[in-house]
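Colleague: Those sequence lines, one after another, are chains A and B.
If you want this note's numbering, it's the position in the first sequence, counting the first as 1, plus 4.
If you want this note's numbering, it's the position in the second sequence, counting the first as 1, plus 4.
Cβ atoms here follow ideal geometry from the backbone N, Cα and C, with glycine treated the same way.
Since we're looking at a predicted model, the values are computed, not measured.
There are 2 protein chains.
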Amino acid sequence: MIMNIGIVGLGLIGGSIGLDLRSRGFYVFGVSSREETCHRAVDRGVVDAASVNLSDMAAADVVFICTPLGSIESIARQLVRHLSPAAIVTDVGSVKTPIVQAVSSLWPNFVGGHPMAGTAESGIEAAVRDLFVGRPYVVTPTAETPAVAVEGVEEIARLLGSDVYRCGPEEHDRAVAGISHLPIVASATLVAACAKEGDRDLVNLAQHLASSGFRDTSRVGGGNPELGVMVARYNRVELLRSLSIYRDCLDEFISCIESEDWQALEQKLKLTQAARKNYKLSN
Amino acid sequence: MIMNIGIVGLGLIGGSIGLDLRSRGFYVFGVSSREETCHRAVDRGVVDAASVNLSDMAAADVVFICTPLGSIESIARQLVRHLSPAAIVTDVGSVKTPIVQAVSSLWPNFVGGHPMAGTAESGIEAAVRDLFVGRPYVVTPTAETPAVAVEGVEEIARLLGSDVYRCGPEEHDRAVAGISHLPIVASATLVAACAKEGDRDLVNLAQHLASSGFRDTSRVGGGNPELGVMVARYNRVELLRSLSIYRDCLDEFISCIESEDWQALEQKLKLTQAARKNYKLSN
């Protein structure tokens, strides 16, 4: 029976998990590297108690590592010294293969996870209730992951109100390369291309005329640079594969326009219009 | 003194212009190729009267051609036979150079225009009041366009509540190639690339996991195929120029990721984050 939840990293995701699990009767203990964040987390009711010491995770049944991708492995390395043998460890990183590989070798009861929810905000003050309701929560066990650990994480994900998906870490990373990481680069490339215009008057005009098409297509490319670098580092092989396909598709569009093959262009745009409708999007 | 307004093409844009100008005391006469649209336009109060005959435009001081790009020139060719010599003709097409070239030679009092407003809807039922308030309205005279005609159109654009910009047709087309037409192709390419994944299980997973990043980046690429073809046909040279710059920028991003030059990638993403903030966007 899972009773004690540990959360390492009290930001938007870690904090929101804490709020929801406390409201469902769990005892939630938080760890942050900053004393001030620990105080704020307790004040906001995000956790029952918090400290800067990973050793305080000894009583946890399940520990969520909710730090940025780049520190998950080193946190896990320190954390496992303090855990009780049956403890389940999971993470919320947006790339899974390298994390699952590294952390499973440190702690067999590790289950990779990726709750696909967020807001434009970050940090403990951004934590909100019900962030995960109706959102996908991907759980990525390997053939070696103990079933009881996988089921424990999935049970909590369902308690958060998420739609749970189970797949291998590699499948996850290939899927998100296309739908999450490729959009960042395609979108950043749009901003970079528009910024390359040499004529200042024209750039100024474009900045005033830009409307919802530019706004939406450029949004994720104008986002957090550190996050963009992190997903590119951790999901490099799959992202490069997606980018290579993207470049081929781009060349096909360019070729239609160069050769004035309007029938082919219309056909391609009809296919993309139809293909987009197959995605479960909120609009 | 402008008193009588003619509108050819009673869809979202033409209808919305009619609603606003009637409310400001103009007499508005509409022409549509479909009798039913004429009836609906009168019933909805979009126009004072309407018919299917361009000859009924004889009394108009200013005529707005609000049909799709592909029919503006042929409409103008028929229209000019019926106009009084001082009448001003303008259009609302999203590409200007070929339109201004063709129609100015038919009617010297022609002023190209592009009100940059819209909704996801189309047709007479989609017409709404105040669609143009606070939106850019680009007016694209040439050196030969009579000043009185330019000023007449700008005055009406200001009455609609728009922010008026004046530039040459070529400048307009280069600016919108980057901010309006390139996003369509970059966005469609994203959908095409994701649809190219051969593994059906993976496509199915991706369709369920796609979230706001994919939703926003793919939106304009999943839009009306006819519109996409039309802007590519009419703004082909400038769009190809933008696409060529885009491909170069894409190759630079790919090169950073291939060579694992994370500092360079972060620098590029910081520049795009900063560059996007220079656009006057509603979010």
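Under 9 Å Cβ-Cβ, which residues of chain A neighbour residue 270 of chain B?
Modeller: Here the neighbours are 229, 230, 232, 233.
Colleague: Tell whether a beta-carbon distance below 9 Å holds between residue 279 of chain B and residue 165 of chain A.
Modeller: Going by C-beta atoms, residue 279 of chain B is not nearer than 9 Å to residue 165 of chain A.
Colleague: For residue 363 of chain B and residue 223 of chain A, I'd like the C-alpha separation in whole angstroms.
Modeller: Chain B is shown from 5 up to 287; residue 363 of chain B falls before or after that span and cannot be answered.
Colleague: Tell me which same chain residues have a C-beta within less than 6 Å of the C-beta of residue 30 of chain B, skipping the five on either side of it?
Modeller: Correct list, in chain order: 9.
Colleague: List the residues of chain B whose Cβ lies closer than 7 Å to the Cβ of residue 222 of chain A, in chain order.
Modeller: The answer, in chain order, is 280.
Colleague: DSSP puts residue 94 of chain B in a beta bridge; with which residues?
Modeller: According to DSSP, residue 94 of chain B bridges with B:68, B:115.
Colleague: Could you compute how far the alpha carbon of residue 62 of chain A sits from the alpha carbon of residue 185 of chain A?
Modeller: Straight-line Cα distance between these residues: approximately 36 Å.
Colleague: Could you list the residues in the segment 140-156 of chain B with a C-beta less than 8 Å from some C-beta on chain A, going in chain order?
Modeller: Result list: 140, 142.
Colleague: Would you tell me roughly how many angstroms separate the C-alpha atoms of residue 21 of chain A and residue 235 of chain A, rounded to the nearest one?
Modeller: Roughly 22 Å between the two C-alpha positions.
Colleague: Could I get the ranges of all uninterrupted beta strand (DSSP E) runs contained in the segment 112-155 of chain B, with 3 residues as the minimum, in chain order?
Modeller: Counting whole runs of 3 or more residues, the segment 112-155 of chain B contains the beta strand (DSSP E) stretches 114-119, 140-144.
Colleague: Exposed or buried, what is residue 276 of chain B when buried is set at 16 or more other beta-carbons lying within 10 Å of its beta-carbon?
Modeller: Buried is the call here.
Colleague: Start and end of the alpha helix (DSSP H) containing residue 55 of chain B?
Modeller: Careful: residue 55 of chain B lies outside any alpha helix (DSSP H), inside the beta strand (DSSP E) at 53-55.
Colleague: Between residue 151 of chain B and residue 140 of chain B, what straight-line distance do the alpha-carbon atoms span, to the nearest angstrom?
Modeller: In a straight line, the C-alpha of residue 151 of chain B is about 20 Å away from that of residue 140 of chain B.
Colleague: Can you tell which of A:25, A:173, A:54 has its C-alpha closest to the C-alpha of residue 13 of chain A?
Modeller: Of the candidates A:25, A:173, A:54, the one whose C-alpha sits nearest the C-alpha of residue 13 of chain A is A:54.
Colleague: Taking residue 135 of chain A as the reference, give the member of A:110, A:113, A:161, A:111 with the closest Cα.
Modeller: Cα-wise, what sits closest to residue 135 of chain A is A:161.
Colleague: Would you call the segment 87-95 of chain B in contact with the segment 109-125 of chain B, where contact means no fewer than 3 C-beta pairs closer than 8 Å?
Modeller: Taking 8 Å as the limit for Cβ pairs, the verdict is that the segment 109-125 of chain B does touch the segment 87-95 of chain B.
Colleague: Going by the beta-carbon positions, is the gap between residue 214 of chain A and residue 284 of chain B smaller than 9 Å?
Modeller: It is a contact, given that the beta carbons lie within the stated cut-off.
Colleague: Check whether the Cβ of residue 257 of chain A lies closer than 9 Å to any Cβ atom in chain B.
Modeller: Taking Cβ atoms only, chain B reaches closer than 9 Å to residue 257 of chain A, which makes this a yes.
Colleague: Using a C-beta cutoff of 9 Å, does residue 189 of chain B count as contacting chain A?
Modeller: Interface residue, yes.
Colleague: Less than 9 Å between the beta carbons of residue 131 of chain A and residue 232 of chain A, yes or no?
Modeller: Contact flag unset, no.
Colleague: May I have the straight-line CA-CA distance separating residue 195 of chain A from residue 265 of chain B, to the nearest angstrom?
Modeller: Rounded to whole angstroms, residue 195 of chain A to residue 265 of chain B spans 20 Å at the Cα level.
Colleague: Within its chain, find whatever has a CB closer than 7 Å to the CB of residue 79 of chain B; leave out the 5 residues flanking it on each side and keep chain order.
Modeller: So the list reads 12, 69, 71, once near-sequence residues are dropped.
Colleague: Need the endpoints of the beta strand (DSSP E) that residue 12 of chain B sits in, please.
Modeller: That run of the beta strand (DSSP E) goes 8-12.
Colleague: Counting only the same chain and skipping the five closest in sequence on each side, list residues whose C-beta sits under 6 Å from that of residue 242 of chain A.
Modeller: Same-chain partners within the cutoff: 177, 178, 181.
Colleague: Could you tell me the alpha carbon to alpha carbon distance between residue 294 of chain A and residue 201 of chain B, rounded to whole angstroms?
Modeller: Outside the shown range of chain A, which is 5 to 287, sits residue 294 of chain A, and nothing can be said about it.
Colleague: By DSSP, does residue 257 of chain A sit in helix, in strand, or in coil?
Modeller: If DSSP states are grouped into helix, strand and coil, residue 257 of chain A belongs with the helices.
Colleague: Leaving aside the five residues before and after residue 238 of chain A along the sequence, list all residues of the same chain whose C-beta is less than 6 Å from its C-beta, in chain order.
Modeller: Result list for residue 238 of chain A: 73, 99, 102, in chain order.
Colleague: Hey, how far is the Cα of residue 114 of chain A from the Cα of residue 83 of chain A?
Modeller: Each residue's Cα considered, the two are about 12 Å apart.
Colleague: Note down, in chain order, every chain B residue with its Cβ under 8 Å from the Cβ of residue 253 of chain A.
Modeller: Under the 8 Å cutoff, chain B gives 193, 196, 197, 200.
Colleague: Suppose only complete runs of 3+ residues qualify. What are the beta strand (DSSP E) ranges in the segment 149-196 of chain A, listed by chain order?
Modeller: The segment 149-196 of chain A contains these whole beta strand (DSSP E) runs: 167-170.
Colleague: According to DSSP, which residues form a beta bridge with residue 31 of chain A?
Modeller: BP columns for residue 31 of chain A point to A:8.
Colleague: When the distance is taken between beta carbons, is residue 221 of chain B closer than 9 Å to residue 191 of chain B?
Modeller: Against a cut-off of 9 Å, the Cβ pair of residue 221 of chain B and residue 191 of chain B comes out as a contact.
Colleague: Taking all protein chains shown into account, do 16 or more other C-beta atoms lie within 10 angstroms of the C-beta of residue 229 of chain B, making it buried, or fewer, making it exposed?
Modeller: Per the 10 Å Cβ criterion, buried.
Colleague: Go to residue 81 of chain A, then tell me how far its alpha helix (DSSP H) extends in each direction, as first and last residue.
Modeller: Start and end: 73-83.
Colleague: Cβ of residue 155 of chain B within 9 Å of Cβ of residue 107 of chain B?
Modeller: The answer is no: Cβ separation not under 9 Å.
Colleague: Among A:64, A:26, A:60, A:59, which residue has its Cα nearest to the Cα of residue 5 of chain A?
Modeller: With distances taken between Cα atoms, residue 5 of chain A lies closest to A:64.
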